[in-house]
Structure formats: C-alpha cells, structure tokens
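What follows is one structure encoded as structure tokens, with my remarks underneath.
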Amino acid sequence: MKRIFHTIFVSVVILLLSSCGRPIPIEDLTIALILGVDIDEENNLVISESSPVFSEDAPKNIATYEVKAKTIRESRELFNVRATGDVTAAKIQVFLIGKRVLEQDNWFSMLDTVYRNPTFSINTRVIVVDGPVADVIFYEPDNKPPLPLHLKGLIDKYTMRTTDVIITFQELHRQMYEKGLTAFIPELIKDNDLRLNGLTLLDGDGKYVDSLSINESLLLLVLKGEQKHELTLTFPVTSVEEDGGIFNLNEISIAFSNINTKVKSSYKDDKFSFDFNIKMRGSIAERLFVTGSMKEDELKKMLEKELKSQFEDLINKIQENKIDPTGLGLYARAYHYEQFKKVEDNWGEALAEANINVSVEVEIKSPGAVK
Amino acid sequence: MIFFRKYKKMQNSSQQTNNNSQTQKSISSELMDNVTEIKSIFSDTPDLVIRHIVIKQTDSKAALIYLSGITDSQTIYNHVLSPLLFEENKENNEADLKVSLGHIKEVTKWQEIETAILNGECVLFVDEYSEAFIFGTPDFPKRSLEDSPLESTLSGAHVGFTESIADNIGLIRKQIRNRELKIKEITVGERGKSKVSILYLEDVANPEVLQELETRIQKVDVDGIINSGVLTEFIEDNSYSPFPQLLLTERPDFAASEILQGRIVTVVDRSPNVIIGPTTFDSFFRTMDDYGSRWIVASFVRLLRYFGFFIAILLPAFYIAIISFHFEVIPLKLLFSIGVSRERVPFPPYLEAFIMEFTLEMLREAGIRLPAKIGQTVGIVGGIVIGQAAVEAGVVSNIMVIVVAITAIASFIIPNYEMSSAIRIVRFPMMILATLFGFVGIVAGIMILIAHFISLESLGTPYSSPIAPLRFKDLKDVFIRFPVWSVEKRPLSTQAVQNRRANSNRPKGDEKG
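These protein sequence lines map, in sequence, to chains A and B.
Numbering-wise, our numbering puts 875 at position 337 of the first sequence, and it's gapless, one number per residue.
Numbering-wise, our numbering puts 103 at position 82 of the second sequence, and it's gapless, one number per residue.
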C-alpha cells in the first residue's frame with residue numbers, strides 16, 4: 539500500500555514538472571528559414587525573415603516579412619504580430635547579411651542573440667549579399683524550388699564541388715575571435731539571377747575590406763589546404779598561336795585531383811617568413827590546341843609559372859589589405875609563439891611585412907584519351 | 022445478504038464433511054454396497070457406465086464402472102470384458118485376473134477410485150472382495166499432431182504440442198533420447214487436477230533452480246489450471262512487469278533445444294504450451310529458424326528483430342516528440358511535406374497518434390478473434406480506414422499512417438507472442454512521456470525500461486544476462502548467432518552444472534578428418 543502511494547505521488551510530481559518547452563505542433567509554428575539583416579538608405583536596420591506556409595490552398599508556399607527594428611530579438615516580436623504562428627529561429631538555414639552592414643563598425647555585436655539564445659541554429663549558413671538583401675529575400679523565381687531550399691542547395695552543392703566554403707554561425711564566431719586569421723564569408727549577388735560571387739574578406743575587426751572572385755577563392759582554398767575535392771582550372775597557353783576566331787584555341791583545362799599544400803614558417807630579423815609548397819597532381823580535362831605544338835615538360839613548366847603568379851597575386855592582395863584569411867597566424871603561433879604574442883593584436887600588419895614565398899609543383903598524370 | 026452468507030457457510034461445511042468421509046472410507050466387500058456408493062458419488066452423471074458381469078474364471082459377480090466419454094471402449098471390450106466373460110482360468114487363482122492389459126492397480130480407498138474414474142480408467146468391483154481393480158484405459162478426446170500455428174517455421178520440424186501431456190512428453194523424448202532426461206510429476210489444482218511435469222537433464226540443469234521451480238509449483242493453490250499461462254502467473258518472479266519472464270512455446274524442437282541448454286521445461290496437462298525457465302530477455306528473440314539457416318542470415322534477421330523492438334516501442338513516441346517539440350531535427354525538405362500534411366489535421370499530434378495506435382490495436386485484436394473468413398473483411402476495412410480514408414478526410418496525416426504501419430510491422434517481427442504483446446503495451450506509456458516531455462521523456466522512459474530489465478529475474482536468475490551482468494562468452498548467441506560449432510559453452514544464465522556442449526575441433530574443408 540505504501541509503495542503504491544509512493545509511486546502515485548512521484549508520478550503526480552513528475553507530471554506537474556514543466557518540461558523543456560511547451561509542445562507546439564509544427565503547423566502552428568512560423569519557422570523562419572532565412573533571416574536577413576541589412577541597412578537601408580536612411581541607415582535604418584532592416585531585418586527580414588522568410589518562412590514556409592503549410593497550406594495546400596495558399597498559392598505561395600513561402601511568406602516573407604520585412605521590419606525595421608533596432609535588434610534581431612526585437613524584430614522577432616514584430617514578426618510575431620504579422621505571422622500566422624509562433625516565429626521560431628530554430629531552423630534558420632541561411633543568414634543573409636548586407637555588405638553595407640559589414641562596412642559598419644561593431645556590426646558583429648548585433649549577432650549576440652544568435653550565440654546567446656540556445657534555440658538559434660548554430661549551423662546556419664552565413665552569406666554576404668552584394669547589394670540590398672531585400673532583392674534576394676523577395677526574389678521568387680518560377681523555375682526554382684522555394685528560396686530557402688534553393689539558397690541552401692546552392693551553397694551546399696557549391697561546397698561539395700569545392701568552389702566555396704560553408705561559413706556557419708559557429709565558424710564565423712571562430713573566425714571573428716581567432717587572432718591567427720581573419721574572417722571570410724561567401725558572397726551572393728543578385729543580377730538577373732542569384733549567383734555566388736566568391737568570398738568577402740573581413741579585416742581583424744570584422745569590417746569589410748575586399749572581395750575575391752570565384753577563381754581567387756579557389757586559390758585561397760588551395761593555400762589553406764582545404765581543397766579536398768577535384769579542382770578544375772583553365773589557363774591560356776600563351777606560347778600557342780591563337781587563330782580560332784572567337785574560339786580560344788590556346789586554352790587548356792587541368793583537373794587537379796590531388797593537391798597537397800605544405801607551409802613552412804620561420805622567423806628571422808624581426809620578420810616572419812612563410813613558404814608554401816604546393817604539389818598539384820591532375821590530368822588534362824580539355825585541350826583545344828594540337829598536341830605537337832607543346833611538349834609535356836614545357837607545358838608543366840608553363841603551368842607552374844602561371845599558377846605561381848596567380849598565387850602571388852592573391853598573396854599580394856592579402857598583404858596589401860593587411861588581413862590573413864589563409865590562417866598563417868596559426869602557424870606563427872604554433873612555431874614562434876613568443877614573437878607572435880607580441881604582434882597578435884596587429885597580426886594583419888605583421889603579415890603584410892612578412893616574406894611569403896610560393897613554390898608550385900605540377901604533375902600531369904594523364905593526357906586523356908584524345909590525340 | 023446475511024442469509025446468503027449463512028447458506029454459503031452451510032454449503033461449505035457440508036462439502037467439507039462429505040469430502041472427508043470419502044477419503045477416509047474404504048470400500049466394502051459387498052458388491053451392491055459399492056455400486057450404491059458409486060452411484061451416490063456420481064449422481065447426475067449420465068455418462069457413467071456400470072456394467073454387471075459374471076466373471077467366468079471365478080463365477081463371481083462383478084461390476085465394471087467407467088465414464089464412457091473419456092475411456093477407450095475398444096480396449097475395454099477386447100482386453101477387459103472379453104477375457105473376463107469368456108476365458109477360463111484353469112489355476113483358479115482369484116488374485117490373478119486374466120486380463121490382457123498392462124496397467125492394473127488394486128486399491129481400497131474411495132478417494133483413489135473416484136480419481137481413477139475421472140482420469141478415464143475403469144474400475145472393477147468383485148463381489149466378496151475388498152479391493153477394487155483399476156485398469157488403465159483412458160482415452161481423452163484429443164486432436165492429432167499438427168504444426169504450431171503461432172510459431173511456424175520454414176526449416177524446423179512441422180509439429181507442435183497438443184493438449185495431451187503424454188504426447189507432449191513423448192514429443193520431447195523423441196528429440197532427447199537420453200536417460201538423463203528426468204521427469205518430475207506434480208499435481209496442481211483442487212478441482213480440475215492437472216498433472217504438471219518438469220522435464221530437465223539431471224546432469225546439466227542446476228539443482229537449485231530446479232528446486233526453486235518445484236517449490237513454486239507445489240505452493241500453487243488454485244481451483245484448476247486451464248492454461249499454462251495461468252501456472253506461469255503463479256510461479257513467475259514479477260507479475261507486475263509487462264514482460265514475460267517464462268517462455269511459453271508450442272514447439273517441441275524449441276523446448277528440446279532449451280532443455281539441452283540446461284533450462285527446465287514444465288509441461289502442463291491440457292495445455293499445448295510448455296513453460297521454459299529460467300529465461301533471459303534474448304530468448305524471446307530466437308526462433309528455431311535461426312538455427313536452421315546459415316549463421317550470417319540468422320544473425321541479420323536477429324539484429325532486425327532487436328531493431329524492430331526499438332522501433333515498435335519508440336517510433337510513435339518519437340513522432341509525437343518531433344512534431345510537437347523538436348521540429349529542428351526534421352530535414353528541411355521533409356519539413357515542408359510534413360508541415361503540409363499536418364496542416365489539415367485538426368488534432369494535436371499526440372491525439373492523432375493515440376487515435377491511430379488504438380485503431381491499429383483494435384484491428385489486430387478483432388482480426389485474432391474473428392473467424393478467418395470474416396477476418397479478411399476486417400483487414401480490408403482496416404486498410405481503407407487507416408490507409409486512405411483517414412488521410413483524405415483530414416483526420417490524420419500521411420506521415421502518421423507511415424508511422425503506424427512501420428510500428429505494426431516492427432511489432433510483428435518479434436517471434437514470441439507474449440513479448441510482442443508486452444511491446445505493444447509499453448508503447449503507450451512511451452507516447453505519454455513523449456507528449457509531456459519530448460525527447461527528454463523518451464530518454465527517461467528508456468532509462469526506466471533498462472532499470473526494469475536489470476531488476477527482473479527469471480526463477481531467481483538475472484533476466485538481462487548476458488548484457489547485465491555482462492558475460493562476454495554468452496554474447497556468442499545473442500545479437501549475432503555465431504556458427505553452432507563455435508559456441509562451446511552453454512549460456513551461463515542457465516546456471517548449468519555441466520557447461521560444455523560442443524567442441525569446435527571440426528575438420529576444415531581440405532583437411533582429412
């Protein structure tokens with residue numbers, strides 16, 4: 539009898555406990571899938587949100603709202619008075635941030651709620667929009683899946699083909715607070731269509747400094763040693779005469795399947811110096827000129843030279859901007875801690891003065907089946 | 022009310038005295054007295070046959086008494102009546118009746134005579150003789166040996182136990198022809214006396230476990246045992262658990278293999294199920310087919326069953342938790358389709374799930390109770406109700422239908438009926454926990470379940486062995502069935518006295534044995 543009483547008592551107490559949240563079925567939620575932050579012409583913060591509409595009767599299956607709010611958290615209340623259900627941030631797939639926002643000081647502190655609030659999804663992809671965010675978030679192409687799916691697919695598939703990087707809230711947080719490198723975020727542009735447009739580079743304080751084109755982004759990833767998948771580069775072979783009219787008959791494309799990047803660091807005469815040793819193995823994917831006009835050795839040397847100059851251009855750009863998206867600071871900290879400690883707050887400037895050398899080794903494994 | 026109580030008391034006391042007098046009394050040497058006594062004991066018994074004869078051998082009057090429905094009339098005629106009526110006994114020895122029958126007993130007590138008649142034996146009273154002869158001629162109505170309908174196999178023997186204890190023991194003996202196979206007989210029940218036989222290998226089974234089982238059966242005090250399930254409830258360790266702690270099977274080959282592993286089998290008269298103990302949780306996930314098919318296939322199927330166990334218990338709870346608490350875990354594309362299909366449903370997820378799960382359980386129960394011809398109709402109606410109409414009417418969502426269907430399939434995969442019923446029951450508390458607390462509730466439920474498994478015992482041996490207590494060697498025949506020759510030891514959970522059961526020194530293909 540006593541045991542039964544105990545059991546009943548404990549069960550009642552358990553049932554009265556509040557759980558980790560009240561149950562709301564998904565159809566009663568307004569699940570924000572895209573969150574956009576931008577600054578309009580009058581320097582007001584504009585926050586927009588896009589969420590799916592679960593209804594077979596509604597003609598559009600995505601609802602988008604735009605409000606003017608002082609903070610992201612405040613915007614939630616403004617969305618709530620507009621949306622059908624409870625607005626939740628737990629499933630945000632894509633965070634769009636206007637380039638104008640990145641040009642301001644202290645913009646990162648606006649994201650405080652993202653890291654403080656446990657319901658925010660930390661795996662949200664962060665994308666910079668070159669131009670007004672509203673253009674992107676209200677874009678409703680007829681030939682595409684719903685925008686959240688499209689945007690996420692765009693950036694994830696692109697990553698799989700290794701042309702871009704996924705920067706999530708978590709990764710962004712690391713890049714912003716890591717002293718050994720500076721942040722970069724994929725960039726999206728809306729002209730006739732939505733398309734990815736390389737990387738946006740931020741400086742040590744998180745402010746916008748420069749953008750990299752798609753090609754430069756690829757090279758940056760090679761420098762970082764993060765190019766894990768096949769990478770195809772197309773070069774003009776200058777020594778071959780071009781007489782194909784509008785067809786560039788001197789082009790050659792190489793599919794590099796195995797790229798190995800090694801970095802050696804040293805510290806001499808109050809200067810850091812870094813040596814990139816990049817081994818790239820690949821096969822010819824396409825070649826428009828006749829084979830007899832160039833020997834294999836010649837081709838190899840030409841490619842090495844071309845790649846080296848491209849890498850050097852990229853490094854110059856980085857050094858000029860006094861930033862470090864390649865993460866060389868991590869090497870400096872690991873191997874020359876004392877020296878790095880002195881300059882860690884101005885690492886970009888220290889890197890700008892450093893010697894950075896690149897050596898490229900190209901190996902062509904297969905010429906392909908065509909003569 | 023008071024009157025009734027008094028009346029009951031009176032009845033009870035009169036019964037008691039009646040019983041007592043019968044046990045005490047011996048039979049008289051007067052034939053007519055005995056016949057009258059028999060008539061008074063078996064009043065209102067039209068199937069009682071009293072045949073007055075004159076034994077040719079001794080020229081004495083006699084009466085042959087039996088119950089016609091449960092005796093073998095052919096045997097009585099050929100081997101009892103004919104010899105007595107027609108054959109002469111030249112040595113004229115009264116004590117030696119010329120009856121061509123093996124089983125003859127001489128008794129004097131009325132109690133014994135009554136039991137004998139009720140057991141289908143026939144009793145011969147001879148005038149001026151103070152002992153009665155009992156001839157073993159029972160022939161209870163019984164069915165022939167058939168395949169077990171509940172536990173059918175592909176490769177096992179196609180024979181199941183029947184309602185006759187002698188046949189059942191015979192079926193086990195057929196598998197284990199060994200003198201170490203011992204049988205202990207106990208009678209249980211006050212009115213419907215049932216014979217209960219305990220079968221075990223004397224040099225293998227643990228004597229303490231055996232003693233425990235025997236004491237428990239002897240302590241059973243009940244009117245009668247109709248089904249071995251009733252006996253199970255009297256002797257099992259924890260009746261409040263939904264999980265069976267003693268295994269009921271209809272298959273003689275399964276019972277025999279369990280005896281060989283050192284377990285003890287209890288055969289109950291009039292029940293086609295035998296009780297196997299001590300069992301462990303994994304016993305309920307085995308079938309004879311596991312040992313009939315190749316070990317890789319058998320292991321795969323076995324893992325599938327454990328997987329099915331978790332699906333059957335957790336899937337509806339998981340659905341509720343996801344839809345109402347943790348939509349974050351749904352992949353984005355699925356979220357769109359679930360959202361659209363949930364949108365028309367007017368009920369909260371837990372109500373939707375409960376409606377569908379109850380419908381499923383009702384359908385299943387209805388399907389069992391109905392004759393096969395009508396049963397098909399139930400299947401069709403259920404299929405339409407669950408499958409299509411409910412979704413089209415917007416009562417439940419598509420995804421719920423999938424959940425219910427998978428749950429049903431998963432619970433059918435459990436080979437033991439008792440265990441699969443237990444799983445059906447456990448599903449509902451899990452759903453309630455998920456409704457209240459989401460994933461946290463499910464995890465708490467699993468923890469309670471694990472704690473319960475660990476605390477359970479079967480005839481005093483741990484139920485969750487070989488997982489807890491962890492016994493690595495026993496794991497050879499739990500989730501993965503290793504080749505039979507490699508399992509050299511009997512499971513430790515049976516506490517067998519003799520452990521070795523096989524030797525792995527089998528010749529390799531290219532060696533000459």
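Every residue, glycine too, gets a C-beta built ideally from N, C-alpha and C.
Ends of the beta strand (DSSP E) at S613/A?
Along the first sequence, one-based indexing puts residue 613/A at 75. S613/A -> not in any beta strand (DSSP E); alpha helix (DSSP H) instead, spanning I610 to N618.
Is there a Cβ of chain A sitting closer than 7 Å to that of F357/B, yes or no?
Taking the second sequence and counting its residues from 1, the one referred to as residue 357/B is at position 336. For F357/B, the answer is yes, since a Cβ of chain A falls inside 7 Å of its Cβ.
In this structure, how does DSSP classify H688/A when only helix, strand and coil are distinguished?
What you label residue 688/A is simply residue 150 of the first sequence in a count that begins at 1. If DSSP states are grouped into helix, strand and coil, H688/A belongs with the helices.
Where does the unbroken beta strand (DSSP E) through H767/A begin, and where does it stop?
Here residue 767/A refers to the residue found at position 229 of the first sequence. Counting along the chain, H767/A falls outside any beta strand (DSSP E), and DSSP gives it neither H nor E.
Consult DSSP for T38/B and reduce its assignment to one of helix, strand or coil.
On the second sequence, residue 38/B is found 17 positions in, with the first residue counted as 1. Unreliable placement is indicated for T38/B, whose pLDDT of 48 sits below 50; the coordinate value is still reported in the next sentence. Three-state DSSP puts T38/B in a helix.
Rounded to whole angstroms, what's the CA-CA distance from E254/B to G157/B? Just pull it up for me.
Here residue 254/B is taken as the residue at index 233 of the second sequence, counted from 1. Here residue 157/B is taken as the residue at index 136 of the second sequence, counted from 1. Their backbone Cα atoms lie some 33 Å apart in a straight line.
Whole angstroms are fine: how far does the CA of E716/A sit from the CA of V898/A?
As a first step, residue 898/A is located in the first sequence; it is residue number 360 there, counting from the start. As a first step, residue 716/A is located in the first sequence; it is residue number 178 there, counting from the start. Rounded to the nearest angstrom, the two C-alpha atoms are 29 Å apart.
Looking at the strands, I want to know which residues DSSP matches up with A601/A.
Here residue 601/A corresponds to residue number 63 of the first sequence, with the count starting at 1. Per DSSP, S589/A.
Can you name, in chain order, every residue of its own chain whose Cβ lies under 6 Å from the Cβ of P370/B, other than the five neighbours on each side?
In the second sequence, residue 370/B corresponds to position 349, counting from 1. So the list reads I341, I344 and S345, once near-sequence residues are dropped.
Could you check what DSSP says for D624/A in three-state terms: helix, strand or coil?
On the first sequence, residue 624/A is found 86 positions in, with the first residue counted as 1. The answer is strand: DSSP assigns D624/A an E or B state.
According to the neighbour-count rule (16 or more other Cβ atoms, all chains shown, within 10 Å of its Cβ), is A621/A buried or exposed?
Position 83 of the first sequence, counted from the start, is the residue given in the question as residue 621/A. With 16 or more other Cβ atoms within 10 Å, it is buried.
Can you pull the chain B neighbours of A628/A, defined as C-beta to C-beta under 8 Å?
For the purposes of this step, residue 628/A is taken as residue 90 along the first sequence, with counting starting at 1. What A628/A touches in chain B: F348 and E349.
Using a Cβ-Cβ cutoff of less than 8 Å, which residues in the same chain neighbour E842/A once the five nearest sequence positions on both sides are dropped?
Along the first sequence, one-based indexing puts residue 842/A at 304. Excluding residues within five positions, the ones whose Cβ falls inside 8 Å are V898, E899 and V900.
In three-state DSSP terms, what is D188/B?
For the purposes of this step, residue 188/B is identified with residue 167 of the second sequence, where counting begins at 1. Here D188/B sits in helix by DSSP.
Between the Cα of L480/B and the Cα atoms of Q232/B, I317/B and R194/B, which residue gives the shortest distance?
Translated into the one-based positions of the second sequence, residue 480/B becomes position 459. Of the listed residues, the one whose Cα sits closest to L480/B is Q232/B.
Could you name the residues of chain B that E594/A contacts, counting a contact when the two beta carbons are closer than 8 Å?
Stepping through the first sequence from its first residue, residue 594/A is reached at position 56. The answer, in chain order, is V361, E364 and R365.
When the Cα atoms are used, what is the spatial distance from I705/A to K855/A?
Reading the first sequence from its first residue, position 167 is the one you call residue 705/A. Reading the first sequence from its first residue, position 317 is the one you call residue 855/A. The straight-line gap from Cα to Cα measures roughly 22 Å.
Is M440/B buried or exposed, if buried means 16 or more other CB atoms sit within 10 Å of its CB?
Numbered from its first residue, the second sequence carries residue 440/B at position 419. Result: buried.
Within 7 Å (strictly less), CB to CB, does S345/B reach chain A?
For the purposes of this step, residue 345/B is taken as the residue at position 324 of the second sequence. Yes, contact with chain A.
Pick out whichever of D68/B, I86/B, S47/B and K46/B has its Cα sitting closest to the Cα of V56/B.
For the purposes of this step, residue 56/B is taken as residue 35 along the second sequence, with counting starting at 1. It is I86/B whose Cα lies nearest to the Cα of V56/B.
In three-state DSSP terms, what is H73/B?
Taking the first residue of the second sequence as position 1, residue 73/B is located at position 52. Three-state result, H73/B: strand.
Within the 7 Å Cβ cut-off, does P2/B reach chain A?
For chain B, the structure presents residues 22 to 534; residue 2/B sits outside this window and is missing.
Name the DSSP beta bridge partners of L734/A, please?
Working through the first sequence from its first residue, we reach residue 734/A at position 196. DSSP output for L734/A lists L726/A as bridge partner(s).
If you pair each beta-carbon of the segment 153-167 of chain B with each one of the segment 117-131 of chain B, do three or more pairs fall below 8 Å?
Yes: the two stretches touch, three or more of their Cβ pairs being nearer than 8 Å.
Check whether chain B comes within 7 Å of I564/A, counting only Cβ atoms and requiring the distance to be less than that.
Within the first sequence, the letter at position 26 stands for residue 564/A. Yes - at least one Cβ of chain B is within 7 Å of the one on I564/A.
So for M377/B, helix, strand or coil by DSSP?
Counting from one through the second sequence, the residue named residue 377/B turns up at place 356. It is helical.
Quick one: what's got a C-beta closer than 7 Å to F617/A's C-beta in the same chain, skipping five residues either side?
On the first sequence, position 79 is the one that residue 617/A refers to. So the list reads E587, Y603, V605 and V625, once near-sequence residues are dropped.
If you reduce the DSSP assignment to three classes, tell me which class L171/B lands in.
By one-based count along the second sequence, residue 171/B stands at place 150. It is coil, neither helix nor strand.
Listed from N- to C-terminal order along the chain, which residues in the segment 647-659 of chain A have their beta-carbon within a distance smaller than 9 Å of any beta-carbon of chain B?
Going along the segment 647-659 of chain A in chain order, one finds T657 and S659 with a Cβ nearer than 9 Å to chain B.
Taking Cβ positions only, does P679/A come closer than 7 Å to chain B?
For the purposes of this step, residue 679/A is taken as the residue at position 141 of the first sequence. No, no contact with chain B.
Just by C-beta distance, which residues in the segment 569-597 of chain A are closer than 8 Å to chain B?
Answer in chain order: I569, L571, P590, F592, S593 and E594.
Any C-beta of chain B sitting closer than 7 Å to the C-beta of P561/A?
Here residue 561/A refers to the residue found at position 23 when the first sequence is read from its first residue. With 7 Å as the cut-off, P561/A counts as an interface residue toward chain B.
Among residues of its own chain, excluding the 5 on either side of D741/A, which ones have a beta-carbon nearer than 8 Å to its beta-carbon?
As a position in the first sequence, residue 741/A is number 203, starting the count at 1. Same-chain partners within the cutoff: T720, V747, N859, K860, I861 and G886.
Just verifying my parser: in three-state terms, what is the DSSP assignment at K800/A?
For this step, residue 800/A is matched to residue 262 along the first sequence. DSSP places K800/A in strand when its eight states are reduced to three.
From I280/B to Y221/B, what does the alpha carbon distance come to, in whole angstroms?
Here residue 280/B corresponds to residue number 259 of the second sequence, with the count starting at 1. Here residue 221/B corresponds to residue number 200 of the second sequence, with the count starting at 1. Rounded to the nearest angstrom, the two C-alpha atoms are 6 Å apart.
Do you know whose CA, among A137/B, L106/B, L105/B and I76/B, lies nearest L69/B's CA?
Taking the first residue of the second sequence as 1, we reach residue 69/B at position 48. When each option's Cα is compared against that of L69/B, the closest is A137/B.
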